[in-house]
Amino acid sequence: MDKLQGKVAVITGGSSGIGLSAAKLFVAEGAYVFITGRRQKELDEAVRAIGRNVTGIRGDVANLDDLDRLYENVNATGRRIDIVFANAGIAEFAALGNITEAHFDKLFNTNVKGVLFTVQKALPLLNDGGSIILTGSVASAKGTPAFWVYGATKAAIRNFVRGWTVELKDRRIRSNVLSPGPIDTPIIGQQPQDSIAKVLSTIPMGRMGEADEVAKAALFLASDDSSFVTGIELFVDGGQSADLTVNNIRVDTAKRDEAGVDERGKCRIRNQLPVFAAAYPTVSSQATPPRDGGAYGHRFYWLGCHGTAHGAQSGPRRHATHCLESLR
Ligand SMILES: NC(=O)c1ccc[n+]([C@@H]2O[C@H](COP(=O)([O-])OP(=O)(O)OC[C@H]3O[C@@H](n4cnc5c(N)ncnc54)[C@H](OP(=O)(O)O)[C@@H]3O)[C@@H](O)[C@H]2O)c1
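In this text, residue positions in the sequence shown follow our numbering: the first is 4, and each later residue adds one.
Here you go:
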């Protein structure tokens, strides 16, 4: 319970989702945290939820004056910083034909410019031996239709940490990217649910992640547990970045409804995500029904709903198979 005893962390976007979970965990592990966000009400609620050893400072990471004010406030408390978690970010879908300058600027201003200056402006207060963590995304490594401007913002910051690892080595400051797959936070609810269902169908672990699962990885990168880890991108994505076989699965809305699968790709009957195996021979030999298909010519088989052991009750399995076959 004391992995961050006496440490000070700045967490941008700490008023919600992943940032809020990380703030709670860091405080539980002995840290003092400064959290940020643009909305005062959400920030105040987050401060109350964290309960102790926390200060909320409202600000937009894309606004350099707000960032100056953030660090002036930290400095005014007499504290220095050990961990910068540049986590604030936004996501938006737009296909090539619909992309506007405003869409591009909004994503790059928050997710790239905001991250860069969050870190640059922290440097005078950042202790030698500190840890910089940026929130990336599995989207940086996948080609996802209509999501690649967002993916490009996250790919850009991967290069930041590679450069900073060398630039900041004399100060023993480590820089890493933490890249979640789909995580159940408010940002997901703001996206087109068909697109989310499509993305979810490509996760080998068959479910969305939880914010506290990402927070635990952030704790690893923030603490001495990762003392020899720098310049990396750590995926917390249920295997999504490793899977290459199912990118071309199409989720047709009408078929989805007919199949009894909800907008997040969950089986309506069991309220669980479908599980599939992609080109895993040992598992697929137990699955029904074998069928060729998918990108790259791999054979993949639907196994059933999450939590339903393949080979177990045939009813749910048959239903899930029907759902998933219909999704293809
Ligand atoms: N959830 C996922 O599936 C997922 C997957 C991969 C990567 N990520 C990344 O994880 C990070 C956190 O997202 P989340 O899922 O936790 O979403 P979230 O619950 O919506 O939280 C986003 C946080 O960032 C803040 N924020 C957004 N824009 C800001 C700005 N310009 N300046 C300051 N604060 C800003 C938000 O507060 P205000 O709105 O009040 O400013 C909020 O505190 C993002 O970088 C996101 O791209 C999320």
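For glycine and all other residues, C-beta sits at the position ideal for the given N, C-alpha and C.
Because the structure is a prediction, the values reported are computed rather than measured.
*Taking the alpha carbon of N76 as the point to measure from, which residue in P185, A125, K44 has its own alpha carbon closest?*
A125
*Quick one: does the C-beta of G62 sit closer than 7 Å to a heavy atom of ligand 1?*
yes
*Buried or exposed: where does K44 fall if 16 or more other Cβ atoms within 10 Å of its Cβ makes it buried?*
exposed
*Quick one: complete alpha helix (DSSP H) runs, 4+ long, within the region 182 to 221?*
189 to 192, 196 to 203
*C-alpha gap between V232 and P148, whole angstroms*: Linking V232 to P148 through their CA atoms gives a straight-line distance of about 32 Å.
*Exposed or buried, P183, counting other C-beta atoms within 10 Å across all chains shown (16 or more means buried)?*
buried
_Under DSSP, the alpha helix (DSSP H) around L110 begins and ends at which residues?_
104 to 111
_Unbroken beta strand (DSSP E) run spanning N130, endpoints_ = Segment 129 to 138, the beta strand (DSSP E) holding N130.
_Looking at chain C, is there any beta carbon in it that lies within less than 8 Å of the beta carbon of F238?_
No chain C is present in this structure, which holds just one protein chain.
*Any chance the CB of G90 is under 7 Å from a heavy atom of ligand 1?*
Strictly speaking, residue 90 in this sequence is Asn, with Gly absent from that position. Under cutoff, so the answer is yes.
*Between Q316 and the rest of its own chain, which residues show a CB-CB distance below 6 Å, the 5 nearest in sequence each way excluded?*
With a pLDDT of only 32 at Q316, under 50, the local geometry of the prediction cannot be trusted, and no value is derived from it.
*What number of angstroms, rounded off, separates the C-alpha of Q196 from the C-alpha of L203?*
Per the coordinates, the alpha-carbon of Q196 lies some 10 Å from the alpha-carbon of L203.
*Let me know if Q243 comes out buried or exposed under the rule of 16 or more other beta-carbons within 10 Å of its beta-carbon.*
Looking at its Cβ environment, which holds 16 or more other Cβ atoms inside 10 Å, Q243 is buried.
_So, under 8 Å CB-CB, A94 and Q194 are touching, yes? Tell me the CB distance rounded to an integer number of Å._
Confirmed, Cβ separation roughly 6 Å.
*Sort out for me which residues DSSP pairs G59 with in a bridge.*
DSSP, once it has assigned bridges, lists I38 as partnering G59.
_E32 to I102 span [Cα, whole Å]_ = Whole-angstrom Cα-Cα distance: 43 Å.
_Buried or exposed for P185, going by 16 or more other Cβ atoms inside 10 Å?_
buried
*Counting only the same chain and skipping the five closest in sequence on each side, list residues whose C-beta sits under 7 Å from that of F111.*
Closer than 7 Å at the Cβ level, and outside the excluded window around F111, lie T156.
*Considering only the beta carbon of each residue, do A158 and V118 sit closer than 8 Å?*
no
*DSSP state of S24 mapped onto helix, strand, coil*: helix
_Status (buried if at least 16 other CB within 10 Å, exposed otherwise) for A220_ = buried
_Neighbour-count burial assignment, I14, 16 or more Cβ in a 10 Å radius_ = buried
*asked:* So, for G234: in the same chain, excluding its five sequence neighbours on each side, which residues have a beta-carbon less than 6 Å away from its beta-carbon?
replied: V164, R165, T168
*Examine ligand 2 and report whether any of its heavy atoms sits within less than 7 Å of the Cβ of R41.*
What this structure holds is ligand 1, not ligand 2.
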